Amino acid sequence: MQIQTITERSNYHTESIVFLTFLSLIIACNLFAQSTVEDFTVGYYRELLSHVKENTHDYDNIKLNMGVAQTIEGDWEGARNTFLELRSSQNKIIALHNLVLTDLVLGKVEEAKEIIASIKEIGSGHGGEGLEKLIGLSTDEVKAAIFLGGTVRDPKNWRAYARLGSIQAKLNRFPEATESYKKAVELHNDEADLHNALGEAYGKLGQLEKASECFQKAIGLDNKFSKAYTNSGVVYGKMGKYAEAIVALNHAAKLGSSDPMNFYALGQCYLLTGHKDSASTIYEKLKTLDIEMANKLRKRIEQ
């Protein structure tokens, strides 16, 4: 097992920005046997801590890994507290680096600047200058750097790839999001949410056949996954497969979907197949969910 750090030296390119994030200190150790893909959770590291004596090198290494796992799981306050506890440990520098990053995510910019200054006081070569490059980036851009670092440090950590894909999608970086989700699926093929997320990314890229395949895979893994049925129906509609779309969208409705897009797409498919009365019924339902979308559907019905 390697000791995890949140970020590592890497280039991250988008259409509008190139930013460099790194940690200068990378530690590797062989405290435990090779980890499996299920071993990167907070619970896993907590269990390890219960079997190791406190204030030892092994204990600090495990706790550092736990802090990084907390960031992957989105527990930023918990991660911050973990890194704070490690400020006087043998992993002090890495803990301080990670503390800067969690503070930036939490909006504690002044605290992050103070920590960077303390790192620089320790001496050159400890990466304080590199961390300064993160000041001014958006919270989501910092998260993207963190999750990217998580995938670099632990290439088998599917959760890190999934989180990275989610942030990349939020930042409208769909080519990158697609690649991240593809890697997550390769590592963890039986998670319906991952296949659905990959399908959504493909959909944003206009790759409808691949998107449809992903949604069908998600449904195969979870036949009560209403969002996957909605996504499948929307993509079927875009592909001109209106009968299949109507079946999928109605199934999502039967599962209790309250997604306005599900009913808007269903209404459009009814109109496109000549079922105006059915579209009018859907309009009444849509009015209770999203009046703006309902009015758009009504205009189409009245044309």
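Just so we're aligned, residue 655 is where the sequence shown starts under the numbering used here, counting upward by one.
Every residue gets a Cβ at the ideal spot worked out from N, C-alpha and C, and that includes glycine.
None of these values were measured; they are calculated from a predicted model.
By the criterion of a C-beta distance shorter than 7 Å, Q744 is surrounded in its chain by H711 and D714, once the five residues flanking it on both sides are discounted. Within the same chain, and ignoring the five residues on either side of L738 in sequence, no residue has its Cβ closer than 6 Å to its Cβ.
In the DSSP assignment, S772 falls within the unbroken alpha helix (DSSP H) covering V763 to I776. Assignment of beta strand (DSSP E) within the region 832 to 869, counting only whole runs of 3 or more residues, yields no such run. The alpha-carbon of G857 is positioned some 24 Å away from that of A799. By a beta-carbon distance limit of 8 Å, R954 does not contact L920. Their separation comes to about 13 Å. Taking all protein chains in view, the Cβ of G761 is surrounded by fewer than 16 other Cβ atoms within 10 Å, so the residue is classified as exposed. Sequence-distant Cβ neighbours of V901 in its own chain, meaning closer than 6 Å and more than five residues away, do not exist here. If you draw a straight line from the Cα of K824 to the Cα of D794, it comes to about 8 Å. The Cβ-Cβ distance between V763 and V796 does not fall below 8 Å.
In the displayed model, K797 falls within a helix according to three-state DSSP. Excluding the 5 residues flanking it on each side, S820 has same chain C-beta neighbours closer than 8 Å at A831 and A851, in chain order. Around L818, the same chain offers A798, F801, L802, T805 and S834 as residues with beta carbons nearer than 7 Å, after the five sequence neighbours per side are excluded.
M915: member of the alpha helix (DSSP H) spanning P914 to L926, first to last residue.
Taking all protein chains in view, the Cβ of L785 is crowded by 16 or more other Cβ atoms within 10 Å, so the residue is classified as buried.
In this structure, the beta-carbon distance from T884 to D913 falls below 8 Å. The shortest C-alpha to C-alpha distance from Q861 to any of V889, E768, T736 and E765 is the one to V889. Check the Cα spacing between V722 and each of G697, V706 and K707: the tightest is with G697.
Only exposed fits A771, as fewer than 16 other CB atoms lie within 10 angstroms of its CB.
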